[in-house]
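First the structure, in the form of structure tokens, and then the observations on it.
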Amino acid sequence: MRSMRNPNQVIEEKSTFGERIADAVAHFGGSWAFIISFGVAITVYSAINVGLGKAAWDPYPFILLNLFLSMLAAIQAPVIMMSQNRQDTKDRLRGELDFDVNRRAESEIQGLSRKLNLLGEKMNDIEDLLRGTREP
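If you use my numbering, the sequence shown closes out at 144, no skipped numbers anywhere.
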């Protein structure tokens, strides 16, 4: 029964190794742990290069650091886009499963409504019979 499936299980069953890596990278790249560690790494890198003065491997204006940051952005941006596309797919699947559940629930409600209408008609028939036996 499709609507009774857990959407998270369905999504994980269909995910590839690359998709799981993209999700992990996007998850870490959007976390405070990444932001704080990245800020610390850049600060330490800059402090060491400023402290070494003319002997620094990447003196101010940190051209090598800019190259690394550009390469990181060039790699991270498509991975994040892959993860966002995957999230859209997850949302679409959840919507489809929700729609199936809602459609099934609507069908059940209509069935119950028909049964209640039949019960109401039978009650009216019984009331008519009882009224008929009480009247002379």
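Note that beta-carbon positions come from the ideal geometry of N, C-alpha and C, so glycine has one too.
Which listed residue (the options) has its alpha carbon closest to that of residue i
| i | options | result |
| --- | --- | --- |
| F86 | P15, A113, E27 | Note that residue 86 is Pro in the sequence shown, not Phe. Ranking P15, A113, E27 by Cα distance to P86 puts E27 first. |
| I29 | M89, W40, K62 | M89 |
Check whether residue i and residue j have beta carbons under 9 Å apart
| i | j | result |
| --- | --- | --- |
| W65 | L72 | yes |
| G37 | Q84 | yes |
| E70 | Y53 | Checking the sequence, you will find Phe at residue 70 rather than Glu. The answer is yes: Cβ separation under 9 Å. |
| D31 | S91 | yes |
| K130 | P15 | no |
Cβ-based burial, residue i [other Cβ within 10 Å; buried from 16]
| i | result |
| --- | --- |
| A34 | buried |
| S121 | exposed |
Close-in-space but distant-in-sequence residues of the same chain around residue i (CB under 7 Å, 5 per side omitted)
| i | result |
| --- | --- |
| V18 | L101 |
| F46 | none |
Beta-carbon contacts of residue i that lie in its chain and below 6 Å, excluding the five residues immediately before and after
| i | result |
| --- | --- |
| L60 | none |
| A49 | none |
| K22 | none |
8 Å CB neighbourhood of residue i in its chain, flanking five on each side removed
| i | result |
| --- | --- |
| I134 | none |
*asked:* Ignoring anything shorter than 4 residues, give me the alpha helix (DSSP H) runs that lie fully in the segment 36-99, in order along the chain.
replied: 40-60
*Fully enclosed by the segment 97-124, which alpha helix (DSSP H) runs are 4 residues long or longer?*
none
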